[in-house]
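As structure tokens, the structure follows; a few thoughts come after it.
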Amino acid sequence: MPQIQDKPEDNIFDAVRWSYETVAAMAKHVKICEDKIADYAASFPEMSPENVFDAEHHYESEDPEKLAAYVLILDSINFGSGYEPMLVEQGWTLIDESLYFTLSTRLKQYFDYVGIMTATQLSQMTTEDCCELLGLNVKMKDHKEFAGQCALSMRELGHVIMEEYEGSFLKFVERANGSVEKLVRQMVSMHHFSDIHDYKGLMVPFYKRAQITAADLQLAFARRGITLFEDMEQLTMFPDNAVPHVLRVDGILEYSDDLAARIDRGDIIESGSEEEIELRACAGQVVELLAKHLDMRSMDVDHILWHRSVEGELYLKSQPHRTLSRFY
Numbered sequence: 006m007p008q009i010q011d012k013p014e015d016n017i018f019d020a021v022r023w024s025y026e027t028v029a030a031m032a033k034h035v036k037i038c039e040d041k042i043a044d045y046a047a048s049f050p051e052m053s054p055e056n057v058f059d060a061e062h063h064y065e066s067e068d069p070e071k072l073a074a075y076v077l078i079l080d081s082i083n084f085g086s087g088y089e090p091m092l093v094e095q096g097w098t099l100i101d102e103s104l105y106f107t108l109s110t111r112l113k114q115y116f117d118y119v120g121i122m123t124a125t126q127l128s129q130m131t132t133e134d135c136c137e138l139l140g141l142n143v144k145m146k147d148h149k150e151f152a153g154q155c156a157l158s159m160r161e162l163g164h165v166i167m168e169e170y171e172g173s174f175l176k177f178v179e180r181a182n183g184s185v186e187k188l189v190r191q192m193v194s195m196h197h198f199s200d201i202h203d204y205k206g207l208m209v210p211f212y213k214r215a216q217i218t219a220a221d222l223q224l225a226f227a228r229r230g231i232t233l234f235e236d237m238e239q240l241t242m243f244p245d246n247a248v249p250h251v252l253r254v255d256g257i258l259e260y261s262d263d264l265a266a267r268i269d270r271g272d273i274i275e276s277g278s279e280e281e282i283e284l285r286a287c288a289g290q291v292v293e294l295l296a297k298h299l300d301m302r303s304m305d306v307d308h309i310l311w312h313r314s315v316e317g318e319l320y321l322k323s324q325p326h327r328t329l330s331r332f333y
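To get the numbering used here, take the position in the sequence shown, counting from 1, and add 5.
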């Protein structure tokens with residue numbers, strides 16, 4: 006077994022990067038082909054595609070309270086990749102063939118036509134409310150299960166905003182004092198954002214949704230000429246199932262025969278299992294290695310790879326791993 010360094014505690018992003026490196030060193034189901042990293046990095050563009058909070062799929066407002074509310078609520082339900090095939094099979098229509106755009110646009114429509122969702126309303130969200138909001142069919146088992154997960158996350162956020170931030174979503178953002186690290190710490194204090202797992206006795210954090218919330222807030226407020234955070238370079242990749250898939254197709258990650266067969270069959274890879282943790286962590290470690298080669302922010306490397314996952318025909322021929330998780 007490789008020597009394990011102590012997990013950093015002072016900086017939350019150092020702890021996430023420690024998770025990537027540590028799990029990758031111990032992994033038995035997923036292997037990084039490190040000898041291919043340099044050549045792979047050379048194939049990357051000099052810049053990542055522009056990442057914007059486009060007006061077609063996202064709510065816009067000159068009111069910072071409304072904007073903060075929209076982003077925080079959106080990212081409270083920004084998960085469900087493992088549920089997506091079942092939801093679509095049971096009749097859910099995706100907007101622009103995207104789970105994320107479906108969530109963001111449905112919430113935008115609510116804010117546009119009904120108004121801002123207050124923390125009090127959020128704290129009282131039911132499964133039925135979420136079905137109506139997202140266009141899901143409450144009579145369908147998987148629709149109801151997914152909507153129930155969304156409702157739980159929304160209620161938790163609503164209670165936190167009410168009880169700790171005087172009902173103000175903007176105060177939640179302002180409490181971070183311009184530090185993306187503080188913002189992520191605030192996010193992961195909530196159960197539904199506490200993306201941390203037991204891997205062979207080690208507690209390994211990923212914090213995908215908390216990190217992407219910070220990135221989304223930065224993008225949304227940038228449209229109004231406001232820079233919320235000055236330390237965005239600290240963010241890691243947003244570990245889910247898209248980037249591991251791209252790296253597998255590109256020959257940078259190799260899976261055990263058993264894991265590869267299960268993924269190819271569409272089997273559910275259990276959230277928090279060794280296999281699932283290794284898939285996310287090894288992808289994260291590859292992104293860190295690429296970022297060093299490219300002298301690029303980890304989140305920008307992630308963005309390049311994510312675009313490949315949704316735009317490259319090669320990657321659409323096969324499926325990523327499926328996990329029923331509230332974390333991605």
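Even for Gly, the Cβ is constructed at its ideal location relative to N, Cα and C.
Hey, how far is the Cα of S86 from the Cα of Y212? In the sequence shown, residue 86 corresponds to position 81, counting from 1. In the sequence shown, residue 212 corresponds to position 207, counting from 1. Roughly 16 Å between the two C-alpha positions.
Quick one: complete beta strand (DSSP E) runs, 3+ long, within the segment 22 to 101? Within the segment 22 to 101, the runs of beta strand (DSSP E) at least 3 residues long that lie entirely inside it are, in chain order, 35 to 37.
DSSP state of R267, grouped into three classes? Locating residue 267 in the sequence shown gives position 262, where the first residue counts as 1. R267 carries a helical assignment under DSSP once its states are collapsed to helix, strand and coil.
Just to confirm the assignment, what range does the beta strand (DSSP E) spanning E259 have? What you label residue 259 is simply residue 254 of the sequence shown in a count that begins at 1. 258 to 260 is the span of the beta strand (DSSP E), which, as asked, contains E259.
Quick check: V35 and C287, are their CB atoms within less than 8 Å of each other? As a working note, residue 35 is residue 30 in the sequence shown. As a working note, residue 287 is residue 282 in the sequence shown. Contact: yes.
Where E279 and D200 are concerned, what is the direct C-alpha to C-alpha distance, given to the nearest angstrom? Reading the sequence shown from its first residue, position 274 is the one you call residue 279. Reading the sequence shown from its first residue, position 195 is the one you call residue 200. Answer to the nearest angstrom: the Cα atoms are 15 Å apart.
Go to H164, then tell me how far its alpha helix (DSSP H) extends in each direction, as first and last residue. Within the sequence shown, numbered from 1, the residue matching residue 164 stands at position 159. Unbroken alpha helix (DSSP H) run through H164: 146 to 169.
What do you reckon, are the CB atoms on N174 and Q191 nearer than 8 Å? As a position in the sequence shown, residue 174 is number 169, starting the count at 1. As a position in the sequence shown, residue 191 is number 186, starting the count at 1. Looking at the sequence provided, one finds Phe at residue 174 rather than Asn. Against a cut-off of 8 Å, the Cβ pair of Q191 and F174 comes out as no contact.
Identify the residues that DSSP records as bridge partners of H202: which are they? Here residue 202 refers to the residue found at position 197 when the sequence shown is read from its first residue. The partner list for H202 (beta bridge, DSSP) reads V209.
With a cut-off of 8 Å on the beta carbons, I'd call D307 and M242 a contact; round off their distance for me. For this step, residue 307 is matched to residue 302 along the sequence shown. For this step, residue 242 is matched to residue 237 along the sequence shown. Yes, they are in contact, since the Cβ atoms of D307 and M242 sit about 4 Å apart, within 8 Å.
Contact between the segment 181 to 191 and the segment 217 to 225 (3+ Cβ pairs under 8 Å): Touching, per the Cβ criterion.
Would you mind sorting L321 into buried or exposed? The rule is 16 or more other CB atoms within 10 Å of its CB. Position 316 of the sequence shown, counted from the first residue, corresponds to residue 321. With fewer than 16 other Cβ atoms within 10 Å, it is exposed.
Spatial distance of E137 from G277 (CA atoms): For the purposes of this step, residue 137 is taken as the residue at position 132 of the sequence shown. For the purposes of this step, residue 277 is taken as the residue at position 272 of the sequence shown. Computed Cα separation, rounded: 30 Å.
CA nearest to the CA of M159, picked from N142, N182, F198, K41: Indexing the sequence shown from 1 puts residue 159 at position 154. Ranking N142, N182, F198, K41 by CA distance to the CA of M159 puts F198 first.
With which residues is I273 paired in a DSSP beta bridge? Start at 1 with the first residue of the sequence shown, and residue 273 comes out as number 268. Paired residue(s): R327.
What does the alpha-carbon distance come out to for the pair H250 and E316? One-based indexing of the sequence shown puts residue 250 at position 245. One-based indexing of the sequence shown puts residue 316 at position 311. Annotation: H250 to E316 spans about 13 Å, alpha carbon to alpha carbon.
What did DSSP end up calling S103 once you bin it into helix, strand or coil? Residue mapping note: residue 103 aligns to position 98 of the sequence shown, counting from 1. In this structure, S103 counts as strand in the three-state DSSP scheme.
Using 8 Å as the threshold, is the segment 108 to 125 in touch with the segment 72 to 86, meaning 3 or more CB pairs across them? A contact exists between the segment 108 to 125 and the segment 72 to 86.
Which value, in whole angstroms, describes the spacing of the CA atoms of V193 and A265? Position 188 of the sequence shown, counted from the first residue, corresponds to residue 193. Position 260 of the sequence shown, counted from the first residue, corresponds to residue 265. Taken atom to atom, the span from the alpha-carbon of V193 to that of A265 is near 31 Å.
What three-state label does DSSP hand G289 in the structure shown? On the sequence shown, position 284 is the one that residue 289 refers to. Helix.
In the DSSP assignment, find the unbroken alpha helix (DSSP H) run with T132 in it and report its ends. Position 127 of the sequence shown, counting from 1, holds the residue named residue 132. T132: member of the alpha helix (DSSP H) spanning 132 to 139, first to last residue.
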